[in-house]
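To start, the structure itself, in C-alpha cells.
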Amino acid sequence: MALTVLGLSGAVNHDPSAALYIDGKLVAAVEEERFVRDKHAKGRMPYESAKFCLDQAGITPADVDVVAIPFAPISIFDKARWHYAKRYWYAPDRALDAILNGNRRYRRYYKHIQWCLVQLGFDLKKTKIQPVEHHLAHASSAYHCSGFQEKTAILGIDGKGEYATTFFGYGENGKIHKIKEFYDPDSLGGLYGALTEYLGFDMLDGEFKVMGMAPYGDATKYDFSRLAKFENGELTINTDYANVIGFRRYKEKGKGYYFSPKLIEWLGPKREGDIADDPYVHYAASIQALFEKISLEMMDYYLGDIIKETGKIAFAGGCALNVKLNQKIIERPEVKELFVQPASSDAGTAVGAAAYVSTQMGKPVEKMEHVYLGPSYSNEEVIAACAAHPNKPVWKKIDNVCERIAKILADGNPVSWMQGRMEFGPRALGARSILGCPSVAGVADKINEQIKFRERWRPFCPSMLDTVAPQMFKIDHPAPFMTFTFEVNEEWKTRVPEVVHEDGTSRAQALKREFNPRYYDMMKELEKLTGNGVVLNTSLNRRGEPMVCSPTDALNMFYGSDLRYLIMEDILVVKEGMDWYDNI
C-alpha cells in the first residue's frame, strides 16, 4: 500500500515550505515565499506550497497518510530547557518561561498547522500529525537524502530549533543516532547572525553577504576569540556581546538587535549603507575565520572517528550554506564526500521531517539528485501571461532556443532564463536564473548595477558542464547544488574571470545532462562559441525579492530592471523598440 507523507515547515516563524513524499519519492517541494512574493515569508504558514504539492501529485488531503512537522515538544526533564534558563539568567521572565511553559512555541505552531490544514480541506479527526524534533529534521534532510549507504557522520549547525542549536550524530542502515547537541544561547549560527546584523544586514538573509565580504578583509587584524570558545567538548558563546535578549540588546530607532551595546563599545558603530570598507571588511573576515575554526574543531571532536572510518558526511542547518566552511571540509584528506542538503535552511526541514517519518514507517527515501521540484509552465501559459501583462510584452516563439540564447550571451548580453520546474532552496540552478557569459569583461558589474541592484562585492557563480568541473577546479568533488566553493586553476581564472571571487574560488554547479537537459545543451552551445562550457548564473530576482516563480513574476522583474532579453520556455521577450533580427 502506498505511503504518502506531507512535510510542512515554518516552525520558527520563517521559511515556511512544503514537501511531498509518495512511497519514498520526492514528488514536490517548494517554499511559500515564491507564491506570496514575500522573502522568507515570515509569520506565514505553508498554505500555497502545500496546495501546490497536492495539486502536482494529483491527490486530495484525504490521500495523505501523515503530516510531518519539524518541531516537537521538549520534556521538562530534558536538559535543554534548564540550560536555556541558566544561560539566560539575566532575563528572568524568559528563564522561568523555559522551565514552566517551555513548549509554548510548539503549542502555538501546532495550532497554526491545524488551521492551515483545515484551510486546505483536511479533516483533523482523520489526519495524523507527526512532530519531529527540529534538528532531527535537519539531520534527516541531510542523511536520508544523501544516498550514502555507509556509516555517515551527520552535522547540523544553525540558529536554533526548539532549544538545540547544533547536532552531532551518525546515520547507519537508515537510522539516525544522536551523539551530542548544544542549546541556545550557545549557537554558532546565532553568533554569525548577530554579527551579520552588526555589519548592517538582516539576520537569516545577510549571512551570505558577510561571507562574500570576508575575502576582502584580513582576519588577523582583529581577534574575535572572546566571542566564542570550544573547550572540553562544550561550546560557549559570550552573551556579554552576542546572542542576547531583553535589556542586553543594543537598540536603535526602536529596533532591538541580537548584539549588545558592549559590542559597539568594542568595535565601533554598526555599519550602514552599501560600502564595504575598513574596518568592517576585516570584521567580516574575522567572524568567518572564527566560525570556520570552531566548526571544524567541533566536527573533529564529535565526528572525527566516524569520518576516518568511511569518509562520508551529511550536513544541514542554515550554517551548512556557508560554502567557505564546506570548502575547508572537503579539502580534508579523510573526507571522501560531503553531502550538503541544498535547502539547508529551515525550508529544508519540510523535506527532512517527511523523509524521517517515511523512513520510520518503512519507506526509505530516494537520493536527492536534483531540486527541480516546483511549478513549471507551458508555452500557452507564458503567452497568456504576456497577453495579460500591463507592459504589453513584445514576444516571439523561437526554435533552437539553446543555440540562440548562447549567441545572445556570447555577444555580451545578460539573459533572464525561466525553464521547467522551479528550484527548491536558495540557489538558482538553471530553472529561474539570470545568465551571463563569464568570459565577457564587465558582465558581472552590469548585472549587479542594472539588474540585481545589490552590493558590488557579492560574487557571481558559475554553472558548468559536468565535464568541465574537473578541469576548472583543483579538487574533484560532486557539486550539483552550488553548496561548495572550489579553488580555480590558474588557466580558468583568465578564461572565465567574471565568476571567480576575490580569493580565487568559485561557488559552482556542475550539471549532469539528465537533470536539466535544456540548460546543459545551452551550455554546450556556449562552449562551441567561446571554448568554455561555463555560464555565469545568478537567481532570477531583484535585491530583497524572492526568486521568480511564475511567468507574471518573471515579466514584473524584467520590466523592473534593465534586462533586455527574457526567455520563458520557447517564448523570447525583448524590450520594445529593439530590432529582432539584429539580435537573434
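In full-length UniProt numbering, the protein residues as written are 1 to 584. Idealized CB from N, CA, C, for every residue including glycine. Everything numeric in this text was worked out from a predicted model, so none of it was measured.
Taking C-beta separations shorter than 7 Å and ignoring five residues to either side along the sequence, the partners of glutamate 309 in its chain run Lys151, following chain order.
The residue among Trp417, Asp346, Arg271 and Asp570 with its C-alpha nearest the C-alpha of isoleucine 398 is Asp570. DSSP, read as helix, strand or coil, puts histidine 177 in strand. Its chain contains Phe230 and Gly233 as the residues whose beta carbon lies nearer than 8 Å to that of tyrosine 301, once the 5 sequence neighbours on both sides are disregarded; these appear in chain order. DSSP places tryptophan 89 in the coil class of the three-state scheme, outside both helix and strand. For phenylalanine 486, the uninterrupted beta strand (DSSP E) run begins and ends at 485-487, by DSSP.
By the 16-neighbour rule on beta-carbons within 10 angstroms, valine 118 is exposed.
The distance from the Cβ of proline 426 to that of serine 345 is about 7 Å, consistent with a contact at the 8 Å cut-off. Measuring C-alpha to C-alpha distances from alanine 80 to each of His135, Glu33, Ala28 and Arg44 identifies His135 as the nearest.
In the three-state scheme derived from DSSP, where H, G and I count as helix and E and B as strand, phenylalanine 424 is classed as coil. Look at the region 156-213 and you find these whole runs of beta strand (DSSP E), each 3 residues long or longer: 164-172 and 175-183. Taken atom to atom, the span from the alpha-carbon of valine 488 to that of phenylalanine 339 is near 21 Å. Its chain contains Lys270 as the residues whose beta carbon lies nearer than 8 Å to that of glutamate 252, once the 5 sequence neighbours on both sides are disregarded; these appear in chain order. By the 16-neighbour rule on beta-carbons within 10 angstroms, arginine 404 is buried. Glycine 533 is positioned such that its CB atom lies no closer than 7 Å to that of glutamate 525. The alpha-carbon of proline 364 is positioned some 15 Å away from that of alanine 139.
The C-alpha of tyrosine 183 is placed about 10 Å away from the C-alpha of arginine 87.
Contact between alanine 314 and isoleucine 154 holds: their C-beta atoms lie close to 5 Å from each other, under 8 Å. The C-beta of threonine 165 has 16 or more other C-beta atoms within 10 Å across all chains shown, which makes the residue buried. In the displayed model, leucine 136 falls within a helix according to three-state DSSP.
The continuous alpha helix (DSSP H) containing methionine 298 extends over residues 280-310. From the listed residues Gly171, Ile237, Gly374 and Phe481, the smallest Cα separation to alanine 320 is found for Phe481. In the three-state DSSP reduction, alanine 72 falls in the coil class, being neither helix nor strand.
Exposure of glutamine 149 is indicated by the presence of fewer than 16 other C-beta atoms within 10 angstroms of its C-beta. According to the DSSP secondary-structure assignment, cysteine 461 is paired through a beta bridge with Asn537. In summary, glutamine 450 is exposed, with fewer than 16 beta-carbon neighbours lying within 10 Å of its beta-carbon over all protein chains present. The beta carbon of histidine 389 is closer than 6 Å to those of Leu555 in its chain, skipping five residues each way along the sequence. With contacts defined as CB atoms closer than 7 Å, lysine 221 and histidine 177 fail to qualify as a contacting pair. Nearest C-alpha to serine 260 among Glu197, Met522 and Tyr280: Glu197. Between glycine 318 and glycine 159 the beta-carbon gap is near 6 Å, inside 8 Å, which marks them as a contact.
Valine 382 sits away from glycine 412, with the two beta carbons spaced by 7 Å or more. In this structure, leucine 227 sits away from valine 210, with a CB-CB distance that is not shorter than 7 Å. DSSP lists Val488 as the beta-bridge partner residues of phenylalanine 473. In the three-state scheme derived from DSSP, where H, G and I count as helix and E and B as strand, serine 378 is classed as coil.
Residue state for lysine 229 is assigned as strand, using DSSP reduced to three classes. The DSSP-derived three-state label of methionine 523 is helix.
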